[in-house]
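Student: Take this structure first; my questions come after.
Numbering (our numbering), first residue to last: 575 to 686.
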């Protein structure tokens, strides 16, 4: 087997990943459509399943592990996720502060 194909998964791992992905997609859909839980609990469950879906995609399809040569790719992926998280949280923080600190514009409505 050539070195190019060593990092690819087996057919079995792709099938397992596909089945897990389908299950992790259908279960939240079923929960939401049937109103199986209260809103706050449903949001938490769907978010937890989304994280599980992310892990399944990363492990079974992107093959990011800490074994062998893939560890460099995994560290790059983690660094990218940290940077994206910082950007998203920073943006939300700035927007929340702008929303809090903005004064209502009363000059435009006073003429009517």
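Quick reminder that beta carbons are idealized off the backbone N, C-alpha and C, glycines included.
What is the DSSP secondary structure of residue 647, counted as helix, strand or coil?
Tutor: Three-state DSSP puts residue 647 in a helix.
Student: When DSSP labels each residue in this structure, what does residue 608 get in the three-state scheme?
Tutor: Looking at residue 608 - three-state DSSP - the assignment turns out to be coil, as it is neither helix nor strand.
Student: Can you have a look at residue 588 and say buried or exposed, based on whether 16 or more other CB atoms are within 10 angstroms of its CB?
Tutor: Exposed, because fewer than 16 other Cβ atoms sit within 10 Å of the Cβ of residue 588.
Student: Got a sec, what are the start and stop residues for the alpha helix (DSSP H) residue 621 sits in?
Tutor: That run of the alpha helix (DSSP H) goes 613-630.
Student: Any idea if residue 603 is buried or exposed, counting beta-carbon neighbours within 10 angstroms, 16 or more meaning buried?
Tutor: Label assigned to residue 603: exposed.
Student: Is there contact here, the segment 661-672 with the segment 621-630, by at least three beta-carbon pairs under 8 Å?
Tutor: The segment 661-672 is not in contact with the segment 621-630.
Student: Is residue 582 helix, strand or coil by DSSP?
Tutor: Coil, per DSSP.
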